[in-house]
Amino acid sequence: MYHPAKVLNVLSHKDKGVISSDESTQAVLEMWDDNQFTFLVDEKISSSIKQEDIVLVDYRSSSNTTMIPNHKIIKIFDKETGEKIWSVYKDYHKKSKEKESIHSQQASRGYMG
3 MYHPAKVLNV LSHKDKGVIS SDESTQAVLE MWDDNQFTFL VDEKISSSIK QEDIVLVDYR
63 SSSNTTMIPN HKIIKIFDKE TGEKIWSVYK DYHKKSKEKE SIHSQQASRG YMG
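Going by the numbering used here, the first residue of the sequence shown is number 3, and it counts up by one from there.
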């Protein structure tokens, strides 16, 4: 399973104001469902990631014996591809929230028999 996300901030060991125990890069992300998380950026793409990029996060299990997800950023989309993917997921999320809101309003009215 994979999830698209938008990069809010990149956290690199090279940044001023950062003292790091390793040379890894993380990114603070806005997920398509409005959550925010910080994930590891795969080292092969860590020098290319930047704020506002649309990326793909690997949520697959890290092994066959555990259900712990990888939680690693593995792809950076070009602007056009990223915007299309982001739009599809955000539209789906918006429609889901609208349905949930309507259902919640109907349930709160109760039975007026």
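Think of the CB as a built atom: it goes at the ideal place given N, C-alpha and C, for glycine as much as any other residue.
Residue i versus residue j: straight-line alpha-carbon distance, rounded
i: K18; j: K77; result: 25 Å
i: L31; j: D44; result: 14 Å
i: E82; j: M33; result: 18 Å
i: P6; j: K97; result: 17 Å
i: N72; j: R62; result: 6 Å
Residue i, DSSP secondary structure in three states
i: I78; result: strand
i: V90; result: helix
i: I56; result: strand
i: E32; result: strand
i: S48; result: coil
i: K101; result: helix
i: H5; result: strand
i: T67; result: coil
Residue i: CB within 7 Å of a non-hydrogen atom of the ligand SAM
i: V43; result: With respect to the ligand SAM, the structure shown offers nothing to examine, as it has no ligands at all.
Can at least three beta-carbon pairs, one atom from the segment 35-53 and one from the segment 61-78, be found at a separation below 8 Å? yes
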